[in-house]
Structure formats: C-alpha cells, structure tokens
Amino acid sequence: MSALTPEEFVAALYRCCLGREPDLDGLASWAGQISQHGDPTAVLAGIMASEEYRLRSVENSGIEARCAAIANDARRALGRPLRIVDIGAQFLGPGSNPYDPLASYPPLDIIGFDPLEERLAERAEAEGQQGITLLPYALGDGESHTLFINNDDATSSLYPLNSTFNASFNHLHELHTVATQTVETKRLDDVLPRGVVDFLKLDVQGAELMVLKSARQTLQSTAVVHCEVEFAPIYAGQPLYPEVQQFLNACEFELMDLLVPTRYHYVTEDNGTAQDRLLWADAVFCRVTDDPDTLRAQSLIAAAVYRKPTLAAHLLRSSG
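Heads up, the sequence shown is in my numbering, so the first residue is 72 and it goes up one at a time.
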C-alpha cells in the first residue's frame, strides 16, 4: 500500500483527535504546511493545542471514568472469563484487535482462526500464547474454495478482487493477486468447542456472511458480533452489508453501531483527495436477550471496547 498523502494524513488526524472530518480551510492549511516543511508532527501539535481538542479531552476523560466503573461492575457481576473468538486473527500490529481493551479485565479465553499460518506464527511470537489458541483454519461453509492471496495479504480472501471496481479508487487500484491455493474450509459450528461466545470478531474480506451462515448454533450463544462489512463490491461476488444485517437480524441480533467508516477518493486527473465514497466499516451487533449472563458480558464489552456508557449501564441494569 502506498504512503498517505498530506491531505489523507491530516484527515486521519482530525478523525482520531477531534472525531470529525476536517473543514476545507483547515485541511488545505495543514496539508500545505506538511508539503512545505515536511514535518507532520506539527499538525498533531497544532490540533492538540486547540480549544476543540481540550474540550473534547475533558469530555472524553469523564466518559472514560464512567465506562471504567461500569466495566468493573460488569466484570464482578459476570464472575467468569470472557470468551473471544477471532476469525481473521493474523497479527496487524500492537493494539490492532478491536477487543484489545478487554485485556484490562482478565482472564480472557481467546480462540483465533486464520488460514495463513505464518501470520499466526507472527502473532504468537508478538503476543505469546497464554490464554490464546490459534488455529490455521480457513473458515467458511465447509466446502473447497480458492484462497486468493494478494500483495497486501491482509486483503486475501475467498473471493477474487473486483479489479474493475477497485481501479477507480486510491490504494485499492494497487491491489492484485499474487498466488492462489485451494483450501478446505471448515464450519465454525464444527470446529469451535461448545460454550458461550462473548465477543465474535470477523474480518475475512468479504466472506463474513459465508462464515456466519455456518455458525448458526454458535450465534445462539453469542453476545456481541463485531464484523467487517462492505458497502461496495471490493471483491467480485461478495455479499454486501444489507445482506449481513438481514441475516443477523433474523438471528435476533440488532445493530448497535457502525465504526471506522472508511472512505476512499476516486482516482482523477487532478489527483484530488476528497474521501468521497464510503466503502467499508466495522458493524457491531448485540443479541437481543434477557439472559443475565449475556447482558453482563454485553455491558462489559460496551463499556470497555466501545466506550458507550449509557448502553453499558442499561445492559447491566437489565441483567438484574
């Protein structure tokens, strides 16, 4: 993947630090400074010195304290380790797992699946193997499929890249398949030991619905699903977000939020960098239930992972 342009870097800082898209004047000013002086840290320093950032930091500190208190209460009420299932578990760097904040509420029981064994080995080396089981399985519908391994192997998929569509967008137009291999996929219901699943994370590049449809029994005892979804066909033939939501709604899950909405700009002659097209995001679903144990797990996750204090408090109160 290519490096970020000054405009893309500034936009990312605004989203991370201020929780919003940059205004056009601010974007042009900061991007111009980077282009002229070559020091991107000046942008971060400027944002952190702003009144908007200060007020947001004060607000966030209050939310953090409230979430920590609720999470501690939920953890005590739960009285057992959280069980996490990670589908697409390769190592993408420190802090890259959405459930990483749950490490503050040990112990955790993590089971991870990924077909690329070398990536699982990297994760085991980086994080150790205490409390985590990593299995080199390609999850799917239990049938034989072609695994398309791409130049950015984090984008490897059971679906081929949609090169015609991707050619129009920054970064995506650089993706290409470098190898293929036939894999025998396994159904999650067949390989996952029975028991509750508190946090089910899926990041399998377009094959999420295939995995979910072969996990109906697992979903009956799952509290939270954190699932990457696409709004446009980055992969040829892949199901899109509406199909994923429809399936999970039928399994008695309801949408809580769409996180990390990721937008791309079209490749044009003037090389504009406005992030004009929403292509993918992470969708968070909670199972509708009155089971106290599930509600407490959902409360802990809502507070610790998603920083949603009112949702977490509501769930904990509903658990009795």
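Using N, Cα and C, we set each Cβ at its ideal position, and we do this for glycine too.
Ends of the beta strand (DSSP E) at Lys-272? 268 to 273 is the extent of the beta strand (DSSP E) around Lys-272.
Give me the Cα-Cα distance between Leu-210 and Val-254, rounded to the nearest whole angstrom. A straight-line Cα-Cα distance of about 10 Å links Leu-210 and Val-254.
To which residues of the same chain is Ala-374 closer than 7 Å at the C-beta, ignoring the five residues directly before and after it? Cβ-Cβ distances below 7 Å link Ala-374 to Cys-138, Ile-141, Ala-142, Ala-145, Pro-380 and Ala-383 in the same chain, with the five nearest sequence neighbours on each side left out; the list follows chain order.
Sequence-distant residues of its chain with Cβ nearer than 7 Å to Gln-288 (five each side left out): For Gln-288, same chain residues with a beta-carbon under 7 Å away, outside a window of 5 residues either side, are Asp-260 in chain order.
Counting beta carbon pairs with one atom in the stretch 290 to 297 and one in the stretch 262 to 276, are three or more of them shorter than 8 Å? Yes: at least three Cβ pairs fall under 8 Å.
Decide yes or no for the touch test of the stretch 103 to 119 against the stretch 147 to 165: beta carbon pairs closer than 8 Å, at least 3 of them. Short answer: they don't touch.
Please identify the residue among Pro-152, Ala-195, Asn-221 and Ile-158 whose C-alpha is closest to the C-alpha of Ala-174. Minimum Cα-Cα distance from Ala-174 among the listed residues Pro-152, Ala-195, Asn-221 and Ile-158 corresponds to Pro-152.
Cβ of Thr-256 within 8 Å of Cβ of Phe-219? For Thr-256 and Phe-219, no; Cβs fall outside 8 Å.
Using the rule of at least 16 other Cβ atoms within 10 Å of the residue's Cβ for burial, across every protein chain shown, is Asp-361 buried or exposed? For Asp-361, the number of other beta carbons within 10 angstroms of its own is below 16, and it is reported as exposed.
For Ala-250, is the classification buried or exposed, using 16 other Cβ atoms within 10 angstroms of its Cβ as the cut-off for buried? Here Ala-250 is exposed: its Cβ has fewer than 16 other Cβ atoms, across all protein chains shown, within 10 Å.
Residue range of the beta strand (DSSP E) that Cys-322 falls in? Segment: none, Cys-322 is in no beta strand (DSSP E) and carries neither H nor E.
Express the C-alpha separation of Asp-185 and Leu-205 in angstroms, rounding to a whole number. Cα atoms of Leu-205 and Asp-185: separation of roughly 8 Å, rounded to the nearest angstrom.
Phe-356: buried (16+ other C-beta within 10 angstroms of its C-beta) or exposed? Phe-356 comes out buried.
Whole angstroms is fine: what's the gap from Tyr-85's alpha carbon to Tyr-124's? Taking the CA atoms as reference points, Tyr-85 sits about 10 Å from Tyr-124.
Residues near Arg-258 in its chain [Cβ-Cβ closer than 8 Å; skip 5 each side]: Excluding five sequence positions before and after Arg-258, the CB atoms of its chain that fall closer than 8 Å to its own CB belong to Leu-210, Gly-211, Asp-212, Gly-213, Ser-285 and Ala-286, given in chain order.
Burial state of Ala-120, where buried means 16 or more other Cβ atoms lie within 10 Å: Using a 10 angstroms sphere on the CB of Ala-120, the tally of other CB atoms stays under 16, which defines it as exposed.
Just confirm the distance between the C-beta atoms of Gly-183 and Ala-197, as a whole number of angstroms; I'd bet it's less than 8 Å. Ala-197 and Gly-183 do not touch by the CB rule: their CB atoms are close to 13 Å apart, not below 8 Å.
Leaving out the 5 sequence neighbours to the left and right, which residues in its chain are closer than 7 Å to Val-376 when beta-carbon positions are compared? If we look at Val-376 and ignore the five residues flanking it on each side, its Cβ neighbours are Pro-169, Tyr-170, Pro-172 and Leu-173.
Would a C-beta distance cut-off of 8 Å place Thr-333 and Ala-307 closer than the cut-off? No, Cβ-Cβ distance for Thr-333 and Ala-307 is not below 8 Å.
Are the CB atoms of Leu-326 and Ala-368 nearer to each other than 8 Å? Contact: no.
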